[in-house]
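Protein chains in written order, with our numbering: chain A, 408 to 681; chain D, 77 to 509; chain B, 441 to 811; chain Y, 61 to 599.
What follows is the structure in structure tokens.
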């Protein structure tokens, strides 16, 4: 009777970490979940990324720092499919070549991204924002005809609680405070059930208290998800980071714990010198 | 509660909508006037040609009222603006006939506007006087064609070129729509019947408002340089003419080398052009402002006084309205009523003087008799008549040179049919009531 | 459940829908049952006028769906309207049969006129209503699909999309003007006689067409409501407000835009098909880019992103036009032009927004009304 | 209007006067016969006028040429009072008696009427004058006379005349033309040898009249060798013609491109740089065109200079209207390009209707100055029309001037600053609103200038703008928004592509194809040929 019946069952089953769109579980048997190898991107002769190599392990919380123009945003663009690299390879797990996929496929595959400027759908309510982000079948005809399942709704409530917006679930997202918007966006990422979270400057413009809560939120997410945080706020990075990568002129300058990195003479030169 | 309130609002709004509707459809039914509908575009692309005809109608009606009106009543013009929008023509016609209850409509210019109006006029049994030269192939009981049919304009012009100027090669250039297509088809058939070879006929169509004539003119020039006398028969419409003639002039083609005979270029179009590059080119019409007759001089004086502008000109469609209006007036007087059926019966055979010194007559096929004049364009934008037909030419609704229509005949008196097939002896399409 | 979703929190829509329903009931009665002498009689002229407005409203609705909700401004929606109209026109032409001027049983008059020997292949099948009805949906739909697929895939958006849609309708206009195309050139298709064996000039047929337009409009409205209140509708609004965010949420933005565009084009086609038998002519002028721009103005005037605002806009602008062309035939472009300027400057949310502003103090406005 | 026509006559009459002057002092030899004939021009009927003209030419009178020339130019007039006097209007309201060149007071004549002629007479006079002009002082006049003879067909009498003149001719061009004329006539000679020489002489001759007779000889001549030679001559002519036709087509394309460029370039600023979808752009061009007309009306005696006055005037008028539009409407709509579309569409309707109310819905006649008409004859098969040539040059001039304004002036710097980053520009002290107004004014002013150029090509009426608006947008989008060079390249290439498609696709289909190609192109390169670079361009 219902042509979408099959699809529905399939999507509810697929809700957990397994990703539905690649048809098979993600192979992370060698450790890293994300491989960025020898990636180069240039705009009109300017090399935004220059033979960048980066490996993210499953469940890892990685902070990426670097001066302006180091290539942080471009790196995220490349991973999420917004920018196609000139050369190099990007693999998600052992087998999935992200270069061949488009943005929405990558997103469905389990890589979520939070933008530098909080971008939530201001015309919609908090609840609807999360509803939209919910993992599942995102094809036009499906969303046209189906409501959320009970399971999905439960998960939504859970996330609402996690990001602390249960009270304002029916408020318009446009009326939220800056910090709340940031959290909502993180919540939306969570609804996508991603394997990897790319978070661009999550605490920019936040009050101290908000920053603290965000730090808590992100550390709690690590483990279940791999989290990549790009941030300028060194204090914040110090408070959450286990491993830090420093980008400079489109390639990795240094990598290690915060202390290691901070004592690296190359890093000091880049940040203080010249 | 809520629903109740909503229903109430709907009720109120509904009532006000009905009111609004009735304000569009308000029909002041005053019996002491006879209403005359004027259906000419006052805005949009056709305003350029049609506004003048609206003014002409207003003038004619005013004159008639000065003479005491018609059947003892005043004439009242009802002017609407169909805005060069063809569906709007149909809508406005319905408005004129059904709401305003006009007794006759004078209007339309383009073929498509007439085609759009036609079903409405027939449905509501109105009267339409159509004043522009057209492609023929039509005859409606409710329409009177006071402009020229192809045999009243195109064919005599070609005869002149062939006989007087000994033209051997022909360029038939036109805008891509029905009138030029038909005219050119008729002409091509006619020329071939006269022994002109295929390679001596060049047919070219361009879109409306075509403005870049460089290579077409250069083609014409090449076509005309074969040593045989060449002429261009132009059915190029409206705005495309200025760039066409300018290009001709600039590429050094003068009227002596390759004359252009146009069927859509009249005094009014010329008044918007610097006529210098056109001097010597020709046009075929049933009327020229330069024709020196008493009727015409009176008409011109009247027009200039009415419009209050010494520089305005008169043209052929204006004369057609003049004839059409006078015919209608005469027919109404003859019938003693403005009732459509009575007027349709009365008008056939009515004769009124035209402005070129003759008397035009309404024929049973609802076309009229007209003289055909060939004029050369002069520097002042007027025409110098170089040739005219001996007598008046009767308008022919169905061309004798087209395959589909040569057996058709229109006669609303004896046959009561607009498209009677003389071979099968049947009224085709059975549109007659 | 569904009715609740579609109609509650849509007071304006309910009001408009109710009014249309009321008109659909009252007008036929006043036209057919009330004698002509009565002041309550609604003339056939008014019926065709209203029928035309209903078609325009449907067209405006189609545009509002993609412009108001997905933020895709099409300046070529008139093309889909005209294509639907042509499909219907071709059916009506074939219905004339041998009652044409030349009495040819197969060929329409204009083809006889141009000495065509055979019916062009694309005219076959149009003698059957079901085929024509299918084409009314398929032709605009497929064109929109192909065009949309090309455009959205390469992420042509905003102003660029507006301009290439304009190019599309302009190209179609020029093409249909050509007599060789076999669609009657500049004169288009006209002089229709019957539709589904009913005489097209009969009052009852007019009422039937009027009702069909009204019902089509109401159904289309509900369908549009269904879309915009569904999850897909929210995705569509998200695309309008933050396209790349939606993309990174895992939605294939192109596919959403494409299906919505196709649906909107089909609605426009249906509007055109209903329009043609009521006005009695279809010609390439309907493809004119100016028509499409005017359509955008109806929606803007009514208030975009509300659906019913589009209907209000289509009715009010066209009503105004009818009044102005009758009462101020010489100068009606002045108020019309002024209206466009004022609406964009003073009423960014259109007439509907204006009413909303008055009511603001009374009740909290519902969220969906805000574009 | 009347004044305008008079001033047109003025120039023609002036030319006539120059020719007449040398003869004015000579005493007529047989005053009676000549004067009678001249009078007959006025009194006789149109059909008899041809004979009279022949007779006048036959007198060999010194004034014959002047009278015929005046008749041809329409400056030969007659009084309405009897006895009719025939006079030549040399300049505005200055008359001389046709028969003897004595000047007469305009007042004494009363109202005068032009003596009308028609085409037959015109070509008759031209032929007659060609023979007289063969020995004119000016080489150009002689050249035209020979060409006139070629197109009229040279008869055996003229061959001898030409042969004598040719031996004396000093100008090579004229001599070549004479050679061709003689050879053309000799093609019909009964002597095979003469024909053969003639065929050889005509090898590569580009006179259009040559091809037909040569073709006939190549097919039908009794001598085979002549047929072969004729075919070779024909081939050589065709080869040349092909080349020139290609050249001609390229010029046509560039010329169309220049029109597109002119109409799009203002838009490249208002739309490309400022992001305003200005639907009233066409109407701003219309205003420019009407300005030209008004200028010509105001200075009816200076038509030749009217364009030089009209260009700055149109720039100022359209620019001011543009500034008014910007201040009145658009300034409230920045960042909302689609809204600017609606508002400016409304403005375009108002402007159109305003033109209709002020100037009437009829087209207005804008005169072509003498120097804009005619063509630059490179050879008999290839000529470039002056108006197109000047407009092409003018379009390029406007383009480079605009480029210089944007690149070199402080206004240009500010414009670019504001268009790239409004708040930053404001922060460094640029008065953004002033810059907006000026930029829009600049774009509108350029549209006005384009209108002046268009007035020389097409109708000046309320619908002028509508015809160009869509094309203009296409050009800007195709070239890449915000890139003036892109606009130039796109306008020129669209023009040329169009002209190369027209011969086999026809004018309508060519345009449709161009539009389809454009649509497809934008799918491939959504930002046009030369996309604007950098982060600001991304959305």
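C-beta atoms are modelled at their ideal positions from N, C-alpha and C, and glycine is treated no differently. Keep in mind that this is a model prediction, so the values were computed, not measured.
Note to self: Suppose you measure from the CA of residue 278(Y) to the CA of residue 301(D); what does that come to, to the nearest Å?
What the structure shows: 18 Å
Check: Considering only the beta carbon of each residue, do residue 280(D) and residue 262(D) sit closer than 8 Å?
Finding: no
Next item on the list: Answer yes or no: does any C-beta atom of chain Y fall closer than 8 Å to that of residue 603(B)?
Entry: yes
Notebook entry, point to check: Can you find a CB in chain B that lies within less than 8 Å of the CB of residue 299(Y)?
Noted result: Chain B, which has no Cβ nearer than 8 Å to the Cβ of residue 299(Y), makes this no.
Item checked: Rounded separation between residue 495(Y) and residue 393(Y) - CA only -> Rounded to the nearest whole angstrom, the C-alpha separation of residue 495(Y) and residue 393(Y) is 15 Å.
Next item on the list: Could you tell me whether any Cβ in chain B is nearer than 8 Å to the Cβ of residue 430(A)?
Entry: At residue 430(A), the pLDDT of 46 sits below 50, so the modelled position is not reliable; the number obtained from the coordinates is stated separately. Interface annotation, residue 430(A): not in contact with chain B, CB-CB separation never under 8 Å.
Notebook entry, point to check: With a cut-off of 8 Å, do at least 3 Cβ pairs link the segment 571–589 of chain A to the segment 662–678 of chain B?
Noted result: no
Checklist line | DSSP beta-bridge partners of residue 361(D) | finding: 449(D)
Margin query: Closest to residue 148(D) by C-alpha separation, out of 219(D), 170(D), 108(D), 444(D), would be which residue?
Written below: 108(D)
Notebook entry, point to check: Along chain Y, in chain order, which residues have C-beta atoms closer than 7 Å to that of residue 784(B)?
Noted result: 393, 399, 402, 403
Margin query: Looking at chain D, is there any beta carbon in it that lies within less than 8 Å of the beta carbon of residue 535(Y)?
Written below: Residue contact check for residue 535(Y) against chain D: no CB pair falls below 8 Å.
Check: What does DSSP give as the partner residues of residue 439(A) in its beta bridges?
Finding: 464(A)
Margin query: Can you list, in chain order, the residues of its chain with a C-beta nearer than 6 Å to that of residue 82(Y)? Leave out the 5 residues immediately preceding and following it.
Written below: Model confidence at residue 82(Y) stands at a pLDDT of 44, short of 50, so the residue's coordinates are unreliable; what they give is reported in the following sentence. Same-chain partners within the cutoff: there are none.
Check: Looking only at its own chain, which residues have a Cβ that is under 7 Å from the Cβ of residue 492(Y), when we skip the five neighbours before and after it?
Finding: 478, 482, 485, 486
Notebook entry, point to check: I think residue 785(B) touches residue 752(B), with their Cβ atoms under 8 Å apart; what is that distance to the nearest whole Å?
Noted result: Not quite, the Cβ-Cβ distance comes to about 19 Å (not below 8 Å), so this is no contact.
Check: For the putative contact between residue 689(B) and residue 540(A), defined by C-beta atoms under 8 Å, what is the C-beta separation to the nearest angstrom?
Finding: 5 Å
Note to self: Against residue 175(D), what residues of chain B qualify as contacts under a CB-to-CB distance less than 8 Å, listed in chain order?
What the structure shows: 483, 485
Next item on the list: Give a yes or no on whether the minimum CB-CB distance between residue 452(B) and chain A is below 8 Å.
Entry: no
Margin query: By alpha-carbon positions, which one of 537(B), 624(B), 772(B) ends up nearest to residue 550(B)?
Written below: With distances taken between Cα atoms, residue 550(B) lies closest to 624(B).
Item checked: Short Cβ contact (8 Å threshold) for residue 167(D) with residue 475(D) -> No, the pair does not count as a contact, with Cβ atoms beyond the cut-off.
Margin query: Does residue 390(D) come out as helix, strand or coil in the three-state DSSP assignment?
Written below: coil
Margin query: Nearest by alpha-carbon distance to residue 745(B): which of 485(B), 478(B), 501(B), 483(B) is it?
Written below: 501(B)
Margin query: Taking DSSP's pairing of strands, which residues face residue 246(D) in a bridge?
Written below: 277(D), 307(D)
Next item on the list: List the residues of chain A that residue 682(B) touches, going by C-beta distances under 7 Å, in chain order.
Entry: 526, 528
Note to self: At a CB distance below 8 Å, what residues from the segment 423–435 of chain Y approach chain D? Give them in sequence order.
What the structure shows: 423, 424, 425, 426, 427, 428, 433, 434, 435
Next item on the list: Sort 373(Y), 342(Y), 184(Y), 185(Y) by Cα distance to residue 355(Y) and report the nearest one.
Entry: When each option's Cα is compared against that of residue 355(Y), the closest is 373(Y).
Check: Taking the alpha-carbon positions, what's the residue 204(Y) to residue 328(D) distance?
Finding: 12 Å
Notebook entry, point to check: Closest to residue 75(D) by CA distance: which of 448(D), 344(D), 141(D) is it?
Noted result: This structure gives no information on residue 75(D), because the portion of chain D shown stretches from 77 to 509.
Notebook entry, point to check: For the alpha helix (DSSP H) that contains residue 684(B), what are its first and last residues?
Noted result: 683–688
Next item on the list: Assign residue 533(Y) to one of two classes, buried (16 or more other C-beta atoms within 10 Å of its C-beta) or exposed (fewer than that).
Entry: buried
Notebook entry, point to check: What span of residues does the alpha helix (DSSP H) with residue 587(A) cover, start to end?
Noted result: 585–598
Notebook entry, point to check: Which ranges would you report for the alpha helix (DSSP H) in the segment 454–537 of chain A if only whole runs of at least 4 residues count?
Noted result: 479–487, 510–516
Next item on the list: Figure out for me which residue from 265(D), 253(D), 465(D) has the closest Cα to the Cα of residue 628(B).
Entry: 253(D)
Item checked: Beta-carbon neighbours of residue 562(Y), restricted to chain D and to distances below 7 Å -> 291
Note to self: Relative to the C-alpha of residue 597(A), which candidate in 543(A), 639(A), 650(A), 662(A) has its C-alpha closest?
What the structure shows: 543(A)
Note to self: Please state whether the Cβ-Cβ distance between residue 489(D) and residue 495(D) is less than 8 Å.
What the structure shows: no
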